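This report concerns only the one structure given below.
Protein chains: 2
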Amino acid sequence: MASRAKATIFDIAREAGVSKSTVSLVLQGSGLIRPETAVKVRKAIEDVGYVYNRGAANLRKAHSNVIGMVINDLTNPFFAELAVGMERVFQSAGIVPFIANTAENPVRQEEVLKSLMEQGVAGLIVSPARGTTPGAFRRLELAGVPVVFAMRRLPESRIPVIAPDNHRGAYLAAAHLIAKGHRRLAFFGGTSDLVVYQERLGGFREACETLGISARDVLVVEGETNRRGGLACLDTALTMAEPPTAALCFNDAVAFGVMLALRKRRLEPGPDFAVVGFDDVVEAEHYMPALTSVAVDTAGLGERAAHVMLKLIQSRTTRAEDHIGAVNLVVRESCGPDLRTRNRPTGTGGAA
Amino acid sequence: MASRAKATIFDIAREAGVSKSTVSLVLQGSGLIRPETAVKVRKAIEDVGYVYNRGAANLRKAHSNVIGMVINDLTNPFFAELAVGMERVFQSAGIVPFIANTAENPVRQEEVLKSLMEQGVAGLIVSPARGTTPGAFRRLELAGVPVVFAMRRLPESRIPVIAPDNHRGAYLAAAHLIAKGHRRLAFFGGTSDLVVYQERLGGFREACETLGISARDVLVVEGETNRRGGLACLDTALTMAEPPTAALCFNDAVAFGVMLALRKRRLEPGPDFAVVGFDDVVEAEHYMPALTSVAVDTAGLGERAAHVMLKLIQSRTTRAEDHIGAVNLVVRESCGPDLRTRNRPTGTGGAA
DNA sequence: CCTATTAAATGGAACGTTCCAATAAATCAA
DNA sequence: TTGATTTATTGGAACGTTCCATTTAATAGG
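Residue numbers (our numbering), protein chains in the order written: chain B, 1 to 352; chain D, 353 to 704.
See below:
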């Protein structure tokens, strides 16, 4: 029912016996209108079944209250956690963030970005897809739309970044592995076109050098940043003449894939091959065996990113500082016991 | 650089030496303009760094190309899979769907819906939050916005629904458990205010009755529809005098929680207590033990929902048919061997 | 009671697009 | 050449808001 054509402030005005301007003022909660008038108008708004047309409003106001979140892999629970953190702070600011998925596809990302710009977003929080070209965010900058990178960054961009301390996280993880007695280490998953990859691999390498692992005992296998990538990495690693005995994975998804591949070969993750992940998604704790991983406080980073965005919007400035979040290694079971104290055989083996 | 104020079609017109109307026509890909003119205009568009203002356009056109997807729990990987299916079909229709999370909170859902309406969405695909009041979608209907429910529905609403055959899925699962020799069964998780819950529980109950399980041997424990809920359900179940030996869980997340709780008590999911899930998320296959679950072709349902939405938008009709997706039980390891023949290991084929 | 001040309400122009009706230019039929 | 037809292009009004400059009403000061 309710009139075919949608109601406008004029309809409200007529219904309430005031002018359209008065209605507009009420809509904006202006203190200039007499309380009784406001009540009358608000009643009319209900009666005619009015829905505010933000598009029309933005035409004059020039800045919307829509914030977009562009994510490279919705399937990775990590990003859901990030989103949850962001939503928490946006909600209390009365903003509903819209999420769009690029599925790690730069072309799709281009479309998504374009669509969001046309929609007139006030700001964008982005985890760029792999292979994003440097110019992809030029338009955004030109249009003066505030952008914040979360988790990932682009090589030589001036856009502020919210990310964990990747270098340190990887260092800690590698040091842990080495302390456990491992001497041939691998780094699994990710591709060198990601800055994050460089950082994590860098930390890994530094730990190896500092702690006396020679370069030819470290193996680096690139791959997809998901479970499938992990499977592939382990397979190629085990074809080596002297395969590694432990691996730091680019992220938890890769780690899960590695553990899966081990199981397929009837190897026990931990005792037979140590694996540590990165991100510490909630699943990590619940896997069998529980995954040792670098915790990055995902939701916290989401909140931080949202705050930076809010500030960027309010102060109308383009520049904000990067924020590097603290990390810590959560040791669980996926690295098994120390290699040196390894007298006791483990279930699968057969002996005894 | 590029002029502080954003470029409009007038700027393009001036640059290209044509009228604004011509520019508009080019923008819409009209065949009425001379090719050379089109080229000239397109160049100007590039030169001035133009970004289309969809809000302004919608003011006249009255129908946008934005489709919203409102989801009750972004954290559940199930919904990510659903979203992926939808995106596949929307992408080929040149539409970018926006996802918003309600976190199972009706109040938040209200805000999200309001925001999307104000944005002028062309349609909404919704998995309603638990405890949604019947009137929550009234406004949408009044405004004539096409809505499709995915996975969940509301009690007495006329809105089309895309969902799996919950009754049958639950029946199959319960029958499987009974065939394995279980005599005291439980249904874990979910709450009776969800229609889906009624359907699944209904199928479960029907199987029990039909296959000779007496009503006092079936235990129903309500709970959250996530991992935490599963933990809680198992705990209360095991305090019973004669606890069940198997459970059908409302969904996979609950099932994972149950398996976790079993592990905590040093019980082995499968041999010690059989558990089957619902939805068959990708993780189900990779858990230890791999989870037996009711597969619902999630991505397929997402595609279907998207198609229905597209049709609804194009035909401007309000009414569309429901779609009930086929289900099938994927048997893995989480139900252990048959209770009766419990000595023999489970080699698949056996006789050559 | 008149004027100055404050409080409330209002009309009109603008925002950036689309679409219709109208014009201008090119082509054709006779 | 003229008029009819087709092909390209164009100006103006409209869409639903906001905001500024005014007007009108109410209140206070003398």
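C-beta atoms are modelled at their ideal positions from N, C-alpha and C, and glycine is treated no differently. Keep in mind it's a predicted model, so treat the numbers as computed, not measured.
Query: Which residues DSSP lists as bridging residue 277(B), in chain order; Result: 293(B)
Query: Three-state secondary structure (DSSP) of residue 355(B); Result: Within the shown structure, residues of chain B are numbered from 1 to 352, placing residue 355(B) beyond reach of any answer.
Query: Residue 515(D) Cβ short of 8 Å to the ligand ZN heavy atom set; Result: Of the ligands one can find in the structure shown there are none, so the ligand ZN has no counterpart to examine.
Query: Assigned secondary structure, residue 188(B) (DSSP; H/G/I helix, E/B strand, else coil); Result: strand
Query: Among 569(D), 578(D) and 519(D), the one whose alpha carbon lies nearest that of residue 594(D); Result: 569(D)
Query: Contact list for the region 14-41 of chain B against chain D, Cβ threshold 9 Å; Result: none
Query: Beta-carbon spacing of residue 98(B), residue 452(D) below 9 Å; Result: yes
Query: Any chain D beta carbon closer than 9 Å to residue 347(B); Result: Per-residue confidence for residue 347(B) stands at a pLDDT of 40, beneath the threshold of 50, marking its modelled position as unreliable; the derived number appears in the next sentence. Not one chain D Cβ lies under 9 Å of residue 347(B).
Query: 6 Å Cβ shell around residue 574(D) - same chain, five flanking residues per side excluded; Result: 543
Query: DSSP three-state assignment for residue 411(D), whether helix, strand or coil; Result: helix
Query: Runs of beta strand (DSSP E) lying entirely within the region 465-494 of chain D, each at least 3 residues, in chain order; Result: 475-478
Query: Residue range of the unbroken beta strand (DSSP E) whose run includes residue 534(D); Result: It is not in any beta strand (DSSP E) - residue 534(D) carries neither H nor E in the DSSP assignment.
Query: Residue-level contact to chain D via CB, residue 52(B), 9 Å cutoff; Result: yes
Query: DSSP-derived helix/strand/coil call for residue 86(B); Result: helix
Query: Distance, residue 469(D) Cα to residue 17(B) Cα; Result: 26 Å
Query: Partners in chain D for residue 296(B), counting only beta-carbon separations shorter than 7 Å; Result: In chain order: nothing, as chain D lies at least about 17 Å away.
Query: Residue from 401(D), 423(D), 461(D) and 516(D) with nearest C-alpha to residue 647(D); Result: 516(D)
Query: Contact residues within the region 266-285 of chain B, judged by C-beta distance below 7 Å to chain D; Result: none
Query: Through-space distance from residue 29(B) to residue 35(B), alpha-carbon basis; Result: 11 Å
Query: Environment of residue 695(D) [buried if 16+ CB atoms lie within 10 Å]; Result: Per-residue confidence for residue 695(D) stands at a pLDDT of 48, beneath the threshold of 50, marking its modelled position as unreliable; the derived number appears in the next sentence. Classification for residue 695(D): exposed.
Query: Cβ neighbours of residue 131(B) in the same chain (closer than 7 Å, five flanking residues each side left out); Result: 106 and 193
Query: Where the beta strand (DSSP E) through residue 161(B) begins and ends; Result: 161-164
Query: Where the beta strand (DSSP E) containing residue 249(B) begins and where it ends; Result: 246-249
Query: Residues, ordered as in the chain, of the region 456-480 of chain D that lie near chain B by beta-carbon distance below 9 Å; Result: 460, 463, 464, 466, 467, 468, 469, 470, 471 and 472
Query: C-beta neighbour in chain B for residue 686(D), strict 9 Å; Result: no
Query: Buried or exposed by the 16-neighbour rule on C-beta atoms within 10 Å, applied to residue 658(D); Result: buried
Query: Straight-line Cα distance separating residue 52(B) from residue 38(B); Result: 16 Å
Query: Helix, strand or coil at residue 653(D) according to DSSP, with G and I counted as helix; Result: helix
Query: Assigned exposure category for residue 180(B) - 16 Cβ within 10 Å defines buried; Result: buried
Query: Simplified DSSP assignment, three categories, for residue 681(D); Result: strand
Query: Cβ contact (3+ pairs, closer than 8 Å) linking the region 496-516 of chain D and the region 465-479 of chain D; Result: yes
Query: Supposed contact pair residue 549(D) and residue 602(D) - C-beta distance, whole angstroms, cut 8 Å; Result: 7 Å
Query: Residue 539(D): contacting residues in chain B (beta-carbon distance under 8 Å); Result: Those within 8 Å of residue 539(D) in chain B number zero; the least Cβ separation is about 22 Å.
Query: Three-way DSSP call (helix, strand, coil) for residue 77(B) in this model; Result: helix
Query: Spatial neighbours of residue 460(D) in its chain, beta-carbon cut-off 6 Å, leaving aside the 5 residues before and after; Result: 454
Query: Buried versus exposed, by CB contacts within 10 Å (16 or more), residue 674(D); Result: exposed
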